[in-house]
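The opening position of the sequence shown corresponds to residue 1 in our numbering, with each subsequent residue numbered one higher.
Data first, discussion second: the structure below is written as structure tokens.
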Amino acid sequence: MDEIVRGIACGGNVKIAAVSTREMTERARQIHRTLPVATAALGRTMAAASMLGNALKGEQDSLTVRINGGGPIGSIIVVSDSAGNVRGYVQNPHVDLPLRRDGKLDVGGAVGTNGMLTVIRDLGLKEPYVGSTQLISGEIAEDFAAYFVESDQQPSACALGVLVDQDQSVLAAGGYILQLMPGAPADIPEILEKQIAACGAVTAMLRTGDAAQMLLKVLDGLEPRILERSPVEYRCYCSREKVTAAIAGIGAEELADMERENKDVEVTCQFCDRVYSFTPAEIREIRARAQDNEA
1 MDEIVRGIAC GGNVKIAAVS TREMTERARQ IHRTLPVATA ALGRTMAAAS
51 MLGNALKGEQ DSLTVRINGG GPIGSIIVVS DSAGNVRGYV QNPHVDLPLR
101 RDGKLDVGGA VGTNGMLTVI RDLGLKEPYV GSTQLISGEI AEDFAAYFVE
151 SDQQPSACAL GVLVDQDQSV LAAGGYILQL MPGAPADIPE ILEKQIAACG
201 AVTAMLRTGD AAQMLLKVLD GLEPRILERS PVEYRCYCSR EKVTAAIAGI
251 GAEELADMER ENKDVEVTCQ FCDRVYSFTP AEIREIRARA QDNEA
């Protein structure tokens, strides 16, 4: 079961979120039929978005992460609800690059660095809160760490990982975000750097343990305390009603064109690939209702 764990350490001077996301990453791989480098890029982004979304306060709040670095993978879009449940897709799920010299997937090469990481927090206000930073590596974890410093003004460490098996299925996925609280002692950053280096890769920790064990390992010796644990999953909120509303909103001319073609219209959800089919009669009904609403 995928899970988010939140905790503190160093007498409350450090807070941490850790997440295991193997199942949601595998679900995304199956839906979008991603090749390994796209699986890794999307999985890393989903893990980060899940932790950020889970930190939102309002039940109806949501968070969207958009990454586009000009690389062959195109855009990565991930949406999280306030519980940390996510849905997402990549523009080019079939991008395929040679492994890096160290034998790892070339996520940075697929994503690129000629672009931005954007985080949009929809808190139910008139306008969402939007923060953006320039991509620095395309490896995603380093880019989120830079985002936290530049956009949120909060010193942070971010580690994300996805391990793909020889059959392209996901063996392990997840990550953690460490953040210093205001007024933290000056020696804590150096201590945390040593801890992070000693712990090794996220996927190695998750192959042998869960998110809670990863959190405790990263903060070993620093008086870690787990505050909250909650399950998360890949969850799409699309529905026929929402798709109908989207069709109604595309404009009178486009609806008229659909009606003249007199063919079934199929709409595919980008997040879960579910296909919604509308008959010509249903399109006429949608157009008639849209005209009535405008009158």
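A virtual CB, placed ideally from N, CA and C, is assigned to each residue, including glycine.
Computed from a predicted structure; not experimentally measured.
Check	Outcome
With distance defined between alpha-carbon atoms, name the residue in 123, 284 and 152 nearest to residue 58.	123
Please name the residue, chosen from 172, 127, 177 and 273, that lies closest to residue 53 on a Cα-to-Cα basis.	177
Nearest by alpha-carbon distance to residue 174: which of 146, 150 and 210 is it?	210
Buried or exposed for residue 88, going by 16 or more other Cβ atoms inside 10 Å?	buried
How far does the beta strand (DSSP E) with residue 137 in it reach, from first residue to last?	No beta strand (DSSP E) contains residue 137, which DSSP labels as neither H nor E.
Drop a sphere of 10 angstroms on the beta-carbon of residue 1, count the other beta-carbons inside from all chains shown, and report buried for 16 or more, exposed for fewer.	exposed
On the three-state DSSP scale, how would you describe residue 291?	helix
Please classify residue 234 as buried or exposed, where buried requires at least 16 other C-beta atoms within 10 Å of its C-beta.	buried
Relative to the alpha-carbon of residue 164, which residue among 10, 14 and 22 has its alpha-carbon at the smallest distance?	22
Just the C-alpha distance for residue 55 and residue 98, rounded to the nearest angstrom, thanks.	36 angstroms
Give the range of the alpha helix (DSSP H) segment to which residue 51 is assigned.	36-54
Out of 199, 216, 182 and 252, state which residue places its alpha-carbon closest to the alpha-carbon of residue 16.	216
May I ask which residues mark the beginning and end of the alpha helix (DSSP H) holding residue 143?	141-150
Looking only at DSSP bridge pairs, what is residue 99 linked to?	Paired residues: none, contrary to the question.
Would you mind giving the Cβ-Cβ distance between residue 120 and residue 64, rounded to the nearest angstrom? I have them listed as a contact below 8 angstroms.	4 angstroms
What does the alpha-carbon distance come out to for the pair residue 28 and residue 91?	13 angstroms
Kindly indicate which three-state DSSP category residue 15 falls into: helix, strand or coil?	strand
Between 95, 50, 275 and 62, which has its C-alpha nearest residue 71's C-alpha?	95
Could you pull the DSSP bridge partners for residue 68 from this structure?	116
Please look up how many angstroms separate the CB atoms of residue 232 and residue 39, rounded, as I've assumed it's under 8 angstroms.	So it is not a contact: roughly 18 angstroms between Cβ atoms.
Between the stretch 144-160 and the stretch 3-11, do at least 3 Cβ pairs fall closer than 8 angstroms?	no
Just to confirm the assignment: which complete beta strand (DSSP E) runs, minimum length 3, are found wholly within the stretch 204-273?	225-231 and 265-268
Quick check on DSSP: helix, strand or coil for residue 73?	coil
Can you tell which of 261, 30, 292 and 271 has its C-alpha closest to the C-alpha of residue 278?	261
Distance check for residue 44 and residue 162, CA to CA, integer angstroms please.	7 angstroms
Which residue comes first and which comes last in the beta strand (DSSP E) that contains residue 179?	170-180
Do you know whose CA, among 41, 83, 80 and 223, lies nearest residue 106's CA?	41
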